[in-house]
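Taking it in order: structure first as C-alpha cells, then the write-up.
Protein chains: 2
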Amino acid sequence: MNTTFLGVLGGMGPLATVDFLRNLVRKTKADVDQEHIPVLLYSDCTTPDRTANLVASGASPLPKLLNGIRFLNQHKVRAICIPCNSAHAWFDQMQAESEAPLLHIVQASAAQLRRKNPKASAVGVLSTFGTYRMGLYSSTLHDLGYRVVTPTEAEFEMLITPAIAMNKANKWAEAEALYEVAMNILLDRGAEVIVLGCTEIPFGMERLVRSNPTRFVDSNDALVEAVIDRFAPVTTS
Amino acid sequence: MNTTFLGVLGGMGPLATVDFLRNLVRKTKADVDQEHIPVLLYSDCTTPDRTANLVASGASPLPKLLNGIRFLNQHKVRAICIPCNSAHAWFDQMQAESEAPLLHIVQASAAQLRRKNPKASAVGVLSTFGTYRMGLYSSTLHDLGYRVVTPTEAEFEMLITPAIAMNKANKWAEAEALYEVAMNILLDRGAEVIVLGCTEIPFGMERLVRSNPTRFVDSNDALVEAVIDRFAPVTTS
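Chains as they are written, first to last, in our numbering: chain A, -10 to 226; chain B, -10 to 226.
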C-alpha cells in the first residue's frame, strides 16, 4: 500500500534525523506539498548508544535497530535510510531482515566526495570512535584509491568523543572549538577534503563549513542526495 | 509495545513537520539521545490540500488523514499531534477513530497566548482561508473572551493565500512582504498579539518574529509545548 514512502530509521540522534528530513524537503524539487516524498519515520531515540557498544561493553543497539527495520517493512516502504553512520556497523544484519533496500550512508558520502572534488587523493574523516574502529569509511575509501587521514585514538578521546557529547547536549560553541582543532590536525596531515562521517558533527561545525563549503562532505547531506536520486521518478512524475 | 512513542501525523506541509520535530528536540530537556521522546511520524504529503477542500471543491483529505490515524494507533502511540492547523477541521472525525488522544493545536495556541501575554484582549489571527472559514480559532478565542481580528476575505485572497503558496514553493522573501502587509493591517485594527495559525506561516515571517517575539504566538511552537507537557513524566524520569 505505502510503496511510495521512504522509510527512515532515525533518532540516532534525534537532531541528526531532523537535519536529514529538513534537507530532504529543501532539496526536493516541489512547488506543492503533494510533490514531496512521503516519509515514515521510526525514531526510537532510546536505541542504545552505538559507539558505547562498538568500543566498550554497552548494550547492543541491534534489537532496536531490527525492530525499526521490521516496522518499516511491514508498511512496504520503497527504500530505507538511516541518518546515523555508526549504526551502519550493523548494515548487513539490517539488510538481511529487510525486503526494502537500505541506502548506505558511507557509499552515499563516497559518491558526493567524487562528485564534489574529483581531484582529491587524501581524505580526512571525522566520525565517532565506533565508526572509526569498525573501519566503515577507511575500507570504502581505500577501495576507491584514497589515502585516508583520521585522528589518532588519543585525539578521539580528547577531542572528537567529548565534542559529539557536547553536541548531543546542545553545547554547540564548546563543541566547535574541539572540532576546529581536530579539523586542523587532519589538514596538517595532508587531508584535502574532510568527510563529516557522523551525522551529529555538522551541528558543531556550521561556521567552519559555511566558511569553506567545498572542503567538506556532509554524510547526512550525501544521504539526502542518494534518496532524491532513488525517488526522482516519483518526485518528477 | 510502543507506548512511549509520540505519534505525528505530518506532511501538511512537510517543512512544517520538520520545524515541529526540530523544535521538539531543542525544547526537550535531554543530555543524551536516550532522554528524547521517541517519535513515529506518518508523513503523507500527498494528502489533498486542506483549504482547497474546505473552501472549494477539492478532494477531501479525510481518507488519508484517517489512514495516518489508524497507522499510528496500530503501533500504540501514547498521543498524536498534527502540525497542521487546517487539518484540525477534521479533528472530531480523527479523534473518533483514535484510541490515542489527539492534542489540539488551537487549544495549545490559546494556552500559549494566555501564558505569553495574559493582558491582551484583542488577538489577530493569520491562518489559511480554510482555517478562517471553519472558525477554528475564532470560536475557541471568542469562548475565552478575546476579540478576534482577522483579515477580510479580499485580504486572504490578495495576501495570505498567495503568501502561503510562495512559502510552500520556498519563496520566502516574496512571502514575507505579503505577510508584513497583512500583519500591519491586523495591528492597525487593534490586535495586540498575532497568532500564526498556520504552521507554514512562520517560515515566511522569521525576521518579523525575531524582531518582536513577544508579539507572536506560533501555533507549531505551542503544539511542541503541549507535547512536552504531556510527555514530561517520561522525559524527566
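Cβ atoms here follow ideal geometry from the backbone N, Cα and C, with glycine treated the same way. This structure is a prediction, so every number in the text was calculated from the model and none was measured.
Do Val227/A and Leu148/A have their CB atoms nearer than 8 Å? What is shown of chain A runs -10 to 226, which leaves residue 227/A out entirely.
Environment of Met(-10)/B [buried if 16+ CB atoms lie within 10 Å]: Low per-residue confidence applies at Met(-10)/B: pLDDT is 46, beneath 50, and the placement is therefore not dependable, though the value from the model is reported in the following sentence. Exposed, because fewer than 16 other Cβ atoms sit within 10 Å of the Cβ of Met(-10)/B.
Considering Ser32/A, what are the terminal residues of the beta strand (DSSP E) in which it resides? DSSP places Ser32/A in the uninterrupted beta strand (DSSP E) bounded by Val28 to Ser32.
So with Cβ pairs under 8 Å, would you call Ala158/B a contact of chain A? A Cβ of chain A is located within less than 8 Å of the beta carbon of Ala158/B.
Measure from the C-beta of His25/A to each C-beta in chain B and report whether the shortest distance is under 8 Å. Residue contact check for His25/A against chain B: a CB pair falls below 8 Å.
If you reduce the DSSP assignment to three classes, tell me which class Ala68/A lands in. When secondary structure is reduced to three states using DSSP, Ala68/A falls in the strand class.
Using a C-beta cutoff of 8 Å, does Cys34/A count as contacting chain B? True, the Cβ-Cβ gap to chain B drops below 8 Å.
For Tyr168/B, which residues in chain A fall below 8 Å Cβ to Cβ? For Tyr168/B, none of the residues of chain A pass the 8 Å Cβ criterion, the least Cβ distance being about 19 Å.
If you draw a straight line from the C-alpha of Leu167/A to the C-alpha of Pro27/B, how long is it? If I take the Cα positions, the gap works out to 29 Å.
Taking its Cβ as the centre, do 16 or more other Cβ atoms sit within 10 Å of Val81/B, making it buried, or is it exposed? Contrary to the premise, residue 81/B reads as Asp rather than Val in this sequence. With fewer than 16 other Cβ atoms within 10 Å, it is exposed.
Could you give the C-beta distance for Glu144/A and Met155/A, rounded to a whole number, given that I count them as a contact under 8 Å? Actually they are not in contact, since the Cβ atoms of Glu144/A and Met155/A sit about 16 Å apart, beyond 8 Å.
Which residues, in order along the segment -6 to 8 of chain A, keep a beta-carbon less than 7 Å from a beta-carbon of chain B? Listed in sequence order: Gly0, Met1, Gly2, Pro3, Leu4 and Val7.
C-beta neighbour in chain A for Leu55/B, strict 8 Å: Chain A contact via Cβ: absent.
Do you know offhand how far Asn56/B's Cα is from His25/B's? Taking the straight line joining both Cα atoms gives about 27 Å.
Could you work out which residues of chain B lie near Tyr31/A, taking near to mean beta carbons separated by less than 7 Å? Residues of chain B with a Cβ closer than 7 Å to the Cβ of Tyr31/A are, in chain order, Leu29.
Which chain A residues sit within Cβ distance under 7 Å of Arg219/B? Per Cβ cutoff of 7 Å: no residues; Arg219/B is ~17 Å from chain A at best.
Identify, in the order they occur along the chain, each residue of the same chain with its Cβ nearer than 7 Å to the Cβ of Leu212/A, setting aside the five sequence neighbours on each side. Correct list, in chain order: Phe9, Cys70, Pro72, Leu92, Ile94 and Ala97.
What first and last residue would you give for the alpha helix (DSSP H) that runs through Ala99/A? Unbroken alpha helix (DSSP H) run through Ala99/A: Ile94 to Lys105.
So with CB distances below 7 Å, who are the chain B contacts of Val21/A? Lys157, listed in chain order.
Along the alpha helix (DSSP H) that carries Leu4/A, what are the first and last residues, could you check? From DSSP, the alpha helix (DSSP H) with Leu4/A extends over Pro3 to Lys16.
Please report the straight-line C-alpha distance between Val14/B and Trp161/A, rounded to a whole angstrom. Answer to the nearest angstrom: the Cα atoms are 14 Å apart.
Taking DSSP's pairing of strands, which residues face Ile183/A in a bridge? Its beta-bridge partners are Gly113/A and Phe205/A.
I need the DSSP call for Leu176/A, collapsed to helix, strand or coil. In this structure, Leu176/A counts as helix in the three-state DSSP scheme.
Counting contacts by CB-CB distance shorter than 8 Å, is Leu10/A in contact with chain B? By the rule that beta-carbons nearer than 8 Å mark a contact, Leu10/A touches chain B.
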